[in-house]
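In order, the protein sequence lines correspond to chains A and B.
Those letters in the first sequence? Residues 2 to 459, by the numbering used here.
Those letters in the second sequence? Residues 567 to 1023, by the numbering used here.
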Amino acid sequence: MSSFILATILLIVMALAYQMGLSRSRQVAAASGGRMHSRPQYHGALVALWTVVPLLLVLVLWLLLGDMVTRWLVVATLPPDLVERGGAPLSEAMQRIEAIASGVGVIGEVEPYERAAAERLQQVRLYLRAAAIILATVLAAGGLIHARRRITTRTRARNEVELVIRGLLIFCSIVAILTTIGIVVSLVFETIRFFSFVHPLDFFFGTVWNPRYAVTGDAATGSYGMLPLLWGTVMIAGIAMLVAIPIGLMTAIYLSQYAPARVRSVVKPVVEVLAGIPTIVYGFFALVTVGPFLSSTARMLGFSINTTSALTAGLVMGVMIIPFISSLSDDIIRQVPAAMRDGSYGLGATKSETIRKVILPAALPGIVGAILLAVSRAIGETMIVLLAAGNSPVLRFDPTEPTSTITVTIVAQMFGDSDFAAPQSLVAFALGLTLFVITLCLNIVALYIVRRYREQYE
Amino acid sequence: MAEIDKSGQSAMIDQADERRHIIRQGLGRRRRNEAIFRSLGLAAALSAFGFVVVLFGNIVASGLPAFWQVNIETEVTFDPEVVNIEERPVLQPGQSVAEYRREDLAWQRRVSLANWNALIEAAIRQHAPDSDVDTRSILSIVDPNARFVLRDMVIENPGIVGETVPIRLLGSANADNWIKGTIDRSLPDHRQQLSPEARALADALHEEGVMRMRFASHLFTNVDSRVAPASAGLAGAFMGSLYMMLIVIVLAVPIGVASAIYLEEFAPQNRLTDLIEVNINNLAAVPSIVFGLLGAAVFINVFGLPLSAPLAGGLVLTLMTLPTIIIATRSSLRAVPPSLRQAALGLGASHTQMVFHHVLPVTYPGILTASILGVAQALGETAPLLLIGMNAFVANIPTSPLDQSTALPVQIFLWQGNENRNFFEPRTFATIIVLLGLMLSLNALAIYLRSRFEKRK
């Protein structure tokens, strides 16, 4: 039965149940002549819930257990020596049986036990499906009758429906918490496994990164010093901030304090487009346009810059971050009370003096928070660095040379097959945990500062 | 007294003069500073604006040519000598489906083994009758996929054998480079991808009008291909992205909106809801790659979802977009004036009725914008998908979210790494144009729907 038909049946049953509840509650209302506690829609919804929820439960059970039970019953008919061997021959036999049962047939002779098993399979499938349908029908009908009978003038249908709605809402907001728990648990769990291969001190303070792809994957061959990656991350994020802070901040100041409304209404959305461009696009742009441009410009001026380097990646990442800083700072500057600005004008200060000596100091905490958020974004950025920084995990201090970052190394270590037993891929989780902790700290500090700042002026 | 007054007055006037003098002296410097500061601001805004212009200009200028590709328009004779294939087997009564399928596959294999390239060679040779170009050079200017095009024509219509039909074949990637000039035409022979004879032939065909530029519609209808780069297309990646977006829309939007409603309208002020709130704010800033690690560890390893499948990718993107949708929905709920709530409650609505019947309808435009922005963000995300194997080479259009597939941004990543850079660089830019075009239309849709919703009120 295709899922589309199932969904249609469910919807039809739901609509029917709703209608029955609706009409029944109207009958009750007309018969008693009095006032109902809840409106007919709520009675309808309650009856629909009583009908559809058991249906859904049976469906979920069937989906979860049906195949398992079928397989178990079919395997029981197979010759014992085949079952004992298990593994590939058994699963091959099951595939053949499946093919015979579905009517496609198989190539070659059909063994008698295969035919028997195939018949059994068809039978079990039929019975299970029939059982599921009967069970679902009985339960749904029971729910329907029960709920319909409960409709009286005093049934608190609205309260019950609202309780269900609230339960659903709570469930949805727990998903976010589950995500965080999932992230922390999976990262910590795999990191601990990684630390059984490599000592944490060697990981956090080692200066050599050379994980050496092990063929067998059981021994911790190679060295896993994280410092070159951390330095690469910090250097690229630093270059990005050197680009983004002045341009972003001055753009915000110009647009909020100087620009005529028409200029602002054009420039602001255009600059914010930069924030919506996928990072892979920036990465490719850095790789094929900015990198060669920098390198040839440098050659003309008599020094050398690698096409893929920390500088290339940092510059482009800076451009990507401009809108984060400019729109956040713009909001924050606009929150500074007008009275402060007017006071400064009243004392004869020029516009730039007011901005530099009154508005910026007042908005500073908020701007610092915005910058910290931007830094955490720069540290977690992957695609630009993956394409444009050259992926060379060596501790170097020259920004014109290729480098590597934590994020790039995570991708590099997880590439291809994911054999989760080897330290070569487990290290990705240790790096991920480091990244998660760094960005978490930055975010908490930033959010704290921004919130304090808001409270100050609200 | 009068004199003292006078001298005092003059002293005051002197002082005032002096002050005015100082102020006036400083005024020039201050005005200069003002102008400098202002022009610095203008320069910053202009450079930010300029980055956008340069970026888009570069993408469009480099990507647009890739939408047109070299085609060879000629006539092919389906020579019965070359194409001698028996009839396709049919399902015999009493034969099992499996056996029929095996025979059919064997037949297809025999058909593929026919020398289709000979037909192509003959077709091209008729435009250069007196030159003695070798077979390899001729075939090197035609897309390797061309022989399958001919094969499929025969399979579809066996009666075509023996006839001569007009046909349009794609030129090979290298021929495309040569005609477009994306490879330096002055490079010496050993650095050219095509032999001198093939280059001469391509030029001759181009001059004759046999080889000409056509819109590369196969870019949208074909799947990725390793053997035949010229006929590789985005259809597989597009479907992969579509499935993932559907999953995001079906899961992230309802869950996100529901949790925003709960947190903003129902949640009591206690430690737990504080925790959820801090948690969501932090989740919004967690690097996307960490979500990829989560997907690899939980969805692939623990739940055993198939690697490279849009289902796993969609779930990872769902978790990643949730905080965006929650935060944006909450802020639009917060913007609803309290008077609306009070009026609803005052008329006897229950709390749930107040939220769902009165507050929520007002916020539809905001929720819609939030959802579309979240989906657009998910559409452009690459890094987490690399960790759950969506960078695998897939030569089929996925038919369900459980099939192997790539996604549009991952396709950009895959194509940028191709060795034939001259050909794939413009192509990657073309893919970027497609991706940005999709995102722009999503945003335009958001703006349009928003304005319609707001007008209705």
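Positions of the beta carbon are idealized from the N, C-alpha and C atoms, including for glycine.
Note that the coordinates shown come from a computational prediction; the quantities given were computed from them, not determined experimentally.
Min CB distance A/R149 to chain B below 9 Å: With 9 Å as the cut-off, A/R149 does not count as an interface residue toward chain B.
Using a C-beta to C-beta distance shorter than 8 Å, which residues of chain B count as neighbours of A/P247? A610, listed in chain order.
In the stretch 66-120 of chain A, which residue ranges form an unbroken alpha helix (DSSP H) of at least 4 residues, counting only runs that do not cross its ends? Annotation note: the stretch 66-120 of chain A contains the following uninterrupted alpha helix (DSSP H) runs of length 4 or greater, listed N- to C-terminal: 81-86 and 88-103.
Could you check what DSSP says for A/R36 in three-state terms: helix, strand or coil? The DSSP-derived three-state label of A/R36 is coil.
What residues in the stretch 961-981 of chain B bring their beta carbon closer than 7 Å to a beta carbon of chain A? If the cut-off is 7 Å between Cβ atoms, the stretch 961-981 of chain B has P975, I978 and F979 near chain A.
Close beta carbons around A/N444, own chain, < 6 Å, minus the five adjacent residues each side: Result list for A/N444: S377, in chain order.
Min CB distance A/I240 to chain B below 9 Å: Under the Cβ criterion of 9 Å, A/I240 is not counted among the residues facing chain B.
Identify, in the order they occur along the chain, each residue of the same chain with its Cβ nearer than 6 Å to the Cβ of A/L129, setting aside the five sequence neighbours on each side. Cβ neighbours of A/L129 beyond the five flanking positions: G67.
Helix, strand or coil at B/R1016 according to DSSP, with G and I counted as helix: Helix at B/R1016.
Under 7 Å by beta carbon: chain A residues contacting B/G607: M251, I254, Y255 and Y259, listed in chain order.
Neighbour list for B/T948 in chain A, Cβ cutoff strictly below 8 Å: Result: P279, T280, I281, T383 and M384.
Within 10 Å of its beta-carbon, does A/T9 have 16 or more other beta-carbons around it, so buried, or fewer, so exposed? Counting Cβ neighbours within 10 Å, A/T9 comes out exposed, since fewer than 16 surround it.
How long is the line joining the alpha carbons of B/S897 and A/T308, rounded to whole angstroms? Rounded to whole angstroms, B/S897 to A/T308 spans 43 Å at the Cα level.
Look at the alpha carbon of B/A796 and the alpha carbon of B/L873, and state the distance between them as a whole number of angstroms. Pairing B/A796 with B/L873, the inter-Cα distance amounts to about 28 Å.
Is it buried or exposed for A/M251, if we count other Cβ within 10 angstroms and need 16 for buried? By the neighbour-count criterion, in which 16 or more other beta carbons inside 10 Å mark a residue as buried, A/M251 falls on the buried side.
As assigned by DSSP and simplified to three states, the class of B/P732: Looking at B/P732 - three-state DSSP - the assignment turns out to be strand.
Segments assigned alpha helix (DSSP H), at least 4 residues, entirely inside the stretch 654-702 of chain B: Counting whole runs of 4 or more residues, the stretch 654-702 of chain B contains the alpha helix (DSSP H) stretches 663-679 and 682-691.
Go through its chain and collect everything with a Cβ distance to A/A117's Cβ below 8 Å, but skip five positions before and after it. If we look at A/A117 and ignore the five residues flanking it on each side, its Cβ neighbours are T78.
Would you say B/G914 lies against chain A (beta-carbon separation less than 9 Å)? It does not; no Cβ of chain A falls within 9 Å.
Identify the residues that DSSP records as bridge partners of A/Y225: which are they? For A/Y225, which the question treats as bridged, DSSP gives the partners A/W210.
When you compare only the Cα positions, how much space is there between B/D709 and B/I846? When rounded, the separation of the alpha-carbon atoms in B/D709 and B/I846 is 51 Å.
Can you name the residues of chain B whose CB is closer than 7 Å to the CB of A/M415? Going along chain B in sequence order, the residues near A/M415 (Cβ under 7 Å) are A862 and L953.
Buried or exposed: B/G725, going by 16 or more other Cβ atoms within 10 Å of its Cβ? Exposed, by the Cβ-count rule.
Can you find a CB in chain B that lies within less than 9 Å of the CB of A/A429? With 9 Å as the cut-off, A/A429 counts as an interface residue toward chain B.
Compute the minimum distance between the beta carbon of A/L57 and the heavy atoms of the ligand GTP, and state whether it is under 8 Å. The ligand content of the structure shown is nil, which means the ligand GTP is not present either.
Using a beta-carbon distance cut-off of less than 9 Å, what residues from the stretch 437-449 of chain A approach chain B? Listed in sequence order: F437, T440, L441, L443, N444, I445, A447 and L448.
Quick check: the Cα distance between B/L679 and B/E985, rounded to an integer number of angstroms? Annotation: B/L679 to B/E985 spans about 29 Å, alpha carbon to alpha carbon.
Taking only the alpha-carbon atoms, compute the straight-line gap between A/R151 and B/G861 and give it to the nearest angstrom. If I take the Cα positions, the gap works out to 46 Å.
Which residues, in chain order, does the stretch 813-842 of chain B contribute to contact with chain A at a C-beta distance below 7 Å? When C-beta distances to chain A are compared with 7 Å, the residues of the stretch 813-842 of chain B below that value are I821, A824, S825, I827, Y828, L829, F832 and I842, in chain order.
Closer than 8 Å between beta carbons: that is the criterion. Which residues of the stretch 344-378 of chain A meet it against chain B? Here the close residues are T351, K352, S353, E354, I356, R357, L374, S377 and R378.
Alpha-carbon spacing of B/I866 relative to A/F190, whole angstroms: Going by the C-alpha atoms only, they are around 15 Å apart.
Are the beta-carbon atoms belonging to B/S628 and B/P992 less than 9 Å from one another? Result yes, Cβ atoms of B/S628 and B/P992 sit closer than 9 Å.
With 16 as the cutoff for other CB atoms within 10 Å, does A/R300 come out buried or exposed? Under this definition A/R300 is an exposed residue.
What would DSSP say about B/N986, mapped onto helix, strand or coil? In the structure shown, B/N986 sits in coil (DSSP, three-state: anything other than H, G, I, E or B).
Please specify which runs of the alpha helix (DSSP H), each continuous and at least 4 residues long, are wholly inside the stretch 321-348 of chain A, giving them in chain order. Correct list: 339-347.
Between the stretch 386-399 of chain A and the stretch 355-374 of chain A, do at least 3 Cβ pairs fall closer than 8 Å? Contact between the stretch 386-399 of chain A and the stretch 355-374 of chain A is not established, with fewer than three Cβ pairs separated by less than 8 Å.
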